[in-house]
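Student: So the sequence shown is numbered by the working numbering: it starts at 11 and just counts up by one. For each residue, glycine too, the CB sits at the ideal point set by N, CA and C. Predicted model only: the values in this text are computed from it and were never measured.
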Amino acid sequence: MAGPLALGLAGLLTALAGLHLGWAFGLSWPAPKGGSLAAYASGGRRSPGRGLTVAVAAAILAGAAVILAFSAPLASPWRLLATLAYAGLTAVFLLRGAAGYVPPIWRYAEGAPFHRLNRLYYSPLCLLIGAGLVLNATLH
């Protein structure tokens, strides 16, 4: 059974997937009215297409499912598969969070609102999710 931390992490990922779906279908937050969402969410000049944004939302939602599967009592070989997927998910969030503090990776976004938001919010959130995943695994 999934504990409170696993449920919280899965809920957070579900909310993030919903945000990405919102972006795919016209939501512009955190950009101000008339502002470029790309400048705030990715640092680029153009937003990724709807299909790519929906695919990212689906991947994040799959991450939530991985957390719940890892927390479930599964028989072999599903236990191994859930554990490997969970380890991969943890690595993705920790690496994405750490990457926010490697200047050459984000050089293209310098001057865009994303550059500041990434260091203040996006990367720390990824590190927090990654740390939560590590803690959840130790409690499991």
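Less than 9 Å between the C-beta atoms of LEU19 and GLY107, yes or no?
Tutor: Not closer than 9 Å, so no.
Student: Can you tell me whether DSSP reads PRO42 as helix, strand or coil?
Tutor: Three-state result, PRO42: coil.
Student: By the DSSP assignment, the alpha helix (DSSP H) with TRP116 in it spans what residues?
Tutor: Where TRP116 is concerned, there is no enclosing alpha helix (DSSP H), given that its DSSP letter is neither H nor E.
Student: Any idea what DSSP makes of PHE35, helix, strand or coil?
Tutor: PHE35: coil per DSSP, three-state reduction.
Student: If you draw a straight line from the alpha carbon of SER133 to that of LEU149, how long is it in whole angstroms?
Tutor: Straight-line Cα distance between these residues: approximately 24 Å.
Student: From the DSSP output, in three-state form, read off ALA12 for me.
Tutor: Three-state DSSP puts ALA12 in coil, outside helix and strand.
Student: Locate the alpha helix (DSSP H) running through HIS125, then write down its first and last residues.
Tutor: Segment 123-127, the alpha helix (DSSP H) holding HIS125.
Student: How about LEU29: is its C-beta nearer than 9 Å to some C-beta of chain C?
Tutor: You won't find chain C in this structure, because it holds only one protein chain.
Student: Between the Cα of TRP116 and the Cα atoms of PRO40, TRP88, VAL144, SER52, which residue gives the shortest distance?
Tutor: Of the listed residues, the one whose Cα sits closest to TRP116 is SER52.
Student: Over the uninterrupted alpha helix (DSSP H) stretch that includes PRO134, give me the two end residues.
Tutor: Start and end: 133-149.
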